[in-house]
Amino acid sequence: MKMNLKTKIVIMLIILITLPMFVMGLRSTRLAEEKMLEQYLASMQEINKATTTSLENVLEGNAKSLQLHAGNYNLRNILVDPTTEPYLVDAIAAYRDVNPNVLNSFVGTREKKMYISPYIELPADYDPTTRGWYQAADVTDEVIWTDPYVDAGTGETVITAAIKIPESTDGTSPGITGIDLQLSYFSELISQVKIGETGEAYIIAKDGMIFAHPNPEMIGKNIKDIGFTDETLNTYFETGSGTLDYTDEATKDERFIVYQKFTTADWILVNTVSYKEITAVTDQMTLNIITIGVISLIVAILIGIFATGFVTKAVKNIEQKMKLVAAGDFTVTMDVKSNDEIGSLSKSFNIMIAEVKDLMTATVGVSQEVLKASENLAAFAEQTSAASTDVANTVDEIARGASDQAEETETGVQIANSLSEKFENLAENSKEMNLNAQSTLEVNEEGIKTLEELKQASKVSLESNDRVEKAIVDLDKSATSINAILETITSIASQTNLLALNASIEAARAGEAGRGFAVVADEIRKLAEGSDNAAQEIKIILDKIQNESKHTVNIMQEVKGIYVEQEMSVEKVNSAFGEISSSIGKVAQRIEEMTTQVASLMTEKEKIVSTMENISAVSEETAAASEEVTASMQQQTDAVEQVAQSASGLSALAAEVMERLSRFKI
Numbered sequence: 260m261k262m263n264l265k266t267k268i269v270i271m272l273i274i275l276i277t278l279p280m281f282v283m284g285l286r287s288t289r290l291a292e293e294k295m296l297e298q299y300l301a302s303m304q305e306i307n308k309a310t311t312t313s314l315e316n317v318l319e320g321n322a323k324s325l326q327l328h329a330g331n332y333n334l335r336n337i338l339v340d341p342t343t344e345p346y347l348v349d350a351i352a353a354y355r356d357v358n359p360n361v362l363n364s365f366v367g368t369r370e371k372k373m374y375i376s377p378y379i380e381l382p383a384d385y386d387p388t389t390r391g392w393y394q395a396a397d398v399t400d401e402v403i404w405t406d407p408y409v410d411a412g413t414g415e416t417v418i419t420a421a422i423k424i425p426e427s428t429d430g431t432s433p434g435i436t437g438i439d440l441q442l443s444y445f446s447e448l449i450s451q452v453k454i455g456e457t458g459e460a461y462i463i464a465k466d467g468m469i470f471a472h473p474n475p476e477m478i479g480k481n482i483k484d485i486g487f488t489d490e491t492l493n494t495y496f497e498t499g500s501g502t503l504d505y506t507d508e509a510t511k512d513e514r515f516i517v518y519q520k521f522t523t524a525d526w527i528l529v530n531t532v533s534y535k536e537i538t539a540v541t542d543q544m545t546l547n548i549i550t551i552g553v554i555s556l557i558v559a560i561l562i563g564i565f566a567t568g569f570v571t572k573a574v575k576n577i578e579q580k581m582k583l584v585a586a587g588d589f590t591v592t593m594d595v596k597s598n599d600e601i602g603s604l605s606k607s608f609n610i611m612i613a614e615v616k617d618l619m620t621a622t623v624g625v626s627q628e629v630l631k632a633s634e635n636l637a638a639f640a641e642q643t644s645a646a647s648t649d650v651a652n653t654v655d656e657i658a659r660g661a662s663d664q665a666e667e668t669e670t671g672v673q674i675a676n677s678l679s680e681k682f683e684n685l686a687e688n689s690k691e692m693n694l695n696a697q698s699t700l701e702v703n704e705e706g707i708k709t710l711e712e713l714k715q716a717s718k719v720s721l722e723s724n725d726r727v728e729k730a731i732v733d734l735d736k737s738a739t740s741i742n743a744i745l746e747t748i749t750s751i752a753s754q755t756n757l758l759a760l761n762a763s764i765e766a767a768r769a770g771e772a773g774r775g776f777a778v779v780a781d782e783i784r785k786l787a788e789g790s791d792n793a794a795q796e797i798k799i800i801l802d803k804i805q806n807e808s809k810h811t812v813n814i815m816q817e818v819k820g821i822y823v824e825q826e827m828s829v830e831k832v833n834s835a836f837g838e839i840s841s842s843i844g845k846v847a848q849r850i851e852e853m854t855t856q857v858a859s860l861m862t863e864k865e866k867i868v869s870t871m872e873n874i875s876a877v878s879e880e881t882a883a884a885s886e887e888v889t890a891s892m893q894q895q896t897d898a899v900e901q902v903a904q905s906a907s908g909l910s911a912l913a914a915e916v917m918e919r920l921s922r923f924k925i
C-alpha cells in the first residue's frame, strides 16, 4: 500500500513516542516492582524480628514468672513436709489465676504424683516423669519450652514451659513445675501481624506443625500437608532466617515468604504475602503510563498532522513542478520562501533546471552544427565519388592505351623478325626491301605517334593522379575536422550523462518527491548515451576512411613513380624510333651498300628486337600498373561511398537528436 509523506511522518512520530514510552514504562514497572519487593521484604524482615522479639519477651516473661513460682517454699518442700500440699495447690491455682494466658499450672514430683490447676481427673497410671516436658526440664536448671503436643488431661494442643524445682531442705529437687499455654494466645498475637491485604503470619514447630495461625482451621496442620517439603523445613531451621518463593497449591497464588527463627525455642515465625500485592500497584502504574502515553500520542498525532501539512504542501508543489519538467517544460522555477531543507531543495531544483536548460541549449547548437557538418560531408563525399569515377575512367583509358601499345610493340617485334628474313634475301629482293623500308618507316611514324599519344595519356593520368591524391588528402583533413567535432559531441554527451547521473542521485535522495525528476534525468542520460554511441560509431567510420585514404595515397605515390618510369621509357622508345627513322632513310640512300652491311644490319636487327621486347615489357607493366590503379580507385570509390553512407547516417542521427530536443521547452 502506498503511503504519503504525511502518513509516514505521523507513523514515525507514533513509533518515536510509543517505543520510548513502552521501554520506559516497562523499565519503570520492573524497577518499581523490584523496589516494592525489596521494601516488602525489608519490612517483613523487620516485622518478623519485632514479632519474634515480642513473642520471646512474652516467653521470657512467663519463664521468669515460672522461675519465681518454682522457688515457692511449698513447691520446694512438698516431699519433705506433706503438710504443705494444700498450700501447693493454692499456689499453682493462684499462679494460673494471675496469668490468664495459662491454660494449666501443674507440679509433677519425682514420686510420680501430679498436681494440676484446674483440677483434672488424670488416668490412674499417669506418670509425669515419663512425659517429655518432665524429662527435658529435669536435665537443666533453665526453663524449657516444648513443641506443641496433645495434653493427656484436656485433649487440647498445648505448649508447655517447665523448670526443675530448686532443691528442698533435704538437698534434692522434688520435681518439675510447669504451665500449659493455649495456642490461641499465640494465634491472637500472630493475627495482629498484618502486611498488606493478603499477608499472613504463622508459627511452626520443628516437626513442621503449625501451632499459631490467624485461621483456626490451619492450627494443627503440618506445612508438608500444604505443599512444602522436608527440604524447605530443613532450610528454615538450618539458615534461621531468609526468603523463599512458593505457589499455593489450592489457589495457585504465587507468594513469597520471609521467615525468622526464635532464639529461645525451636520455632519458626513465617510471614507470607502474595505477589499480587506488588503487581496490583505496578499494574496501576502501568495503566497510568498507558493513559499518559495514549494522551501524548493523540497530541503528538495532532501536532504531527498540523506540522506535516506545511511540509507536504511544499513537497506537492515541487512534485507538480517536476511533472512539468518531466513533460519537457524547462521554464518552470520554484519560489524559495524558506531557509530550511525544503528551501534548499527548491534552490537545488532551480539550479538543476538552469544547468539542464544550458545543457539542452548547448546540445541543440551542437546538434545543428553536426547536422550541417554531416550534410557538408555527404556533399563532399559525392564530389569525391564523382572525381574518383573520373580518375578510374582515365586510368582505364591509360590501361587500354598501354594494352594497345603492347600489341603494337609485339607487331614491331614481328616486323623486326621479318626484317631478318628480308636481310637474308636483301641482295635478291632489294626492290622488295625498299618497299619494306618504306613500310617500316610508316610503321615507325605510327609508333612515334603512338608514343606521343602514350606520353600525353601518361601526362593526363599523372595529373589525374595528382588530383586524386589532393582530393584524398582533403578528405583526410575533413575526416580529422569531423573527428574534432565528434570529440566535442562525446565530451558534451559525457558531461550530460554525468549531470543526469548526479540529478538521479539527488532525486533518489529526495525520495518520493524526486521520482518525477528522476524520470527526466534518466531520459536525458539515455539521450546523452545515444549521442555518445552515435559519435563513437561515426569516429570508427572516419578512422576507417582515414586509414583507407592513407593507403590510397601510398598507392597513388607508387602509381606516380610508375608514371615517371613509363615517361622515361617512352622517351627512350621515342629516341629509338628516331634512330630507326634515320636508319631507314639511310637505307633508301645506301641500298647499294646493303649487301656489304647485311651482317651489320643483322646485328642492328637484334638490337631492334631487344628494344622492341623492352618496349613490350614496359607496356605490359604499364597495363598491369594501370589495372592496379583501377582496383585502388575502385576501393577508393567504395570508401567514399561508405563515407557518404556514414554522413547520411550522421545526418539522420543529428536530425533525430534535433527532433527529440524539440520536445523540450527551454
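For the sequence shown, our numbering begins at 260 and goes up steadily by one.
Glycine included, every Cβ here is placed at the ideal spot set by N, Cα and C.
Asked: Closest by C-alpha distance to ILE375, when choosing among LEU442, HIS810 and ASP349; Found: ASP349
Asked: Spatial neighbours of SER432 in its chain, beta-carbon cut-off 6 Å, leaving aside the 5 residues before and after; Found: LYS423, ILE424 and GLU426
Asked: Residue interval of the alpha helix (DSSP H) (run including ARG514); Found: Run containing ARG514: none in the alpha helix (DSSP H); it sits in the beta strand (DSSP E), 513-520.
Asked: For ILE744 and GLU641, believed in contact at Cβ under 8 Å, the rounded distance; Found: Not confirmed; about 20 Å, so no contact.
Asked: Cβ-Cβ distance between PHE608 and ILE562 below 8 Å; Found: no
Asked: Nearest-angstrom Cα separation, counted from PHE515 out to ASP439; Found: 33 Å
Asked: N- and C-terminal bounds of the alpha helix (DSSP H) containing LEU440; Found: Segment 434-441 is the beta strand (DSSP E) holding LEU440; no alpha helix (DSSP H) there.
Asked: Nearest neighbour of VAL812, chosen from ASN761, TYR505 and ARG726 [CA to CA]; Found: ARG726
Asked: Where TYR378 falls, given that 16 or more other Cβ within 10 Å makes a residue buried; Found: exposed
Asked: Cβ-Cβ distance between SER555 and ILE268 below 8 Å; Found: no
Asked: Residues bridged to ASP340 (per DSSP); Found: Bridge partners of ASP340: none, in fact.
Asked: Simplified DSSP assignment, three categories, for TRP526; Found: coil
Asked: Alpha carbon of SER364 to alpha carbon of ILE351, nearest angstrom; Found: 6 Å
Asked: Buried or exposed by the 16-neighbour rule on C-beta atoms within 10 Å, applied to MET303; Found: buried
Asked: Distance CB(ASP802)-CB(SER753) smaller than 8 Å; Found: no
Asked: Beta-carbon gap between VAL584 and VAL591 smaller than 8 Å; Found: yes
Asked: Cβ-Cβ separation, LEU296 to ILE537 (assumed contact under 8 Å), whole Å; Found: 6 Å
Asked: THR419 versus ILE462: straight-line alpha-carbon distance, rounded; Found: 15 Å
Asked: ALA420, DSSP secondary structure in three states; Found: strand
Asked: Touch test, the region 447-455 against the region 476-494, Cβ-Cβ under 8 Å, three pairs minimum; Found: no
Asked: Which listed residue (GLU656, ILE273 and THR862) has its alpha carbon closest to that of ILE564; Found: ILE273
Asked: N- and C-terminal bounds of the beta strand (DSSP E) containing ASN363; Found: 361-368
Asked: Contact under 8 Å by Cβ, GLY322 with PRO407; Found: According to the sequence displayed, residue 322 carries Ala and not Gly. Their beta carbons are not under 8 Å apart, which means ALA322 does not touch PRO407 by this criterion.
Asked: Beta bridge counterpart(s) of VAL409 as assigned by DSSP; Found: THR416
Asked: 8 Å Cβ cutoff met for VAL409 and ASN530; Found: no
Asked: Paired residues, beta bridge with MET271 - DSSP; Found: Answer is none; MET271 lacks a bridge partner.
Asked: Bridge partners - ALA460, DSSP secondary structure assignment; Found: ASN530
Asked: Alpha carbon of GLN395 to alpha carbon of ILE403, nearest angstrom; Found: Checking the displayed sequence, the identity of residue 395 turns out to be Ala instead of Gln. So the alpha carbons of these two residues sit roughly 7 Å apart.
Asked: Cβ pair ASP397, ILE435 closer than 8 Å; Found: yes
Asked: Option nearest GLY908 by Cα separation, candidates ALA794, ASP594 and GLU886; Found: ALA794
Asked: Test item: CB-CB of ALA787 and ALA759 under 8 Å; Found: yes
Asked: Inter-residue CB distance, MET593 and GLY775 (contact presumed, cutoff 8 Å); Found: No, MET593 and GLY775 are not in contact; Cβ-Cβ is about 13 Å, not under 8 Å.
Asked: Sequence-distant residues of its chain with Cβ nearer than 8 Å to GLY499 (five each side left out); Found: GLN519 and LYS520
Asked: Whole-angstrom distance between GLY844 and GLU865, CA atom to CA atom; Found: 19 Å
Asked: Within 8 Å, strictly: CB atoms of ASN333 and TYR346; Found: yes
Asked: Exposed unless 16 or more other CB atoms sit within 10 angstroms - verdict on PHE487; Found: buried
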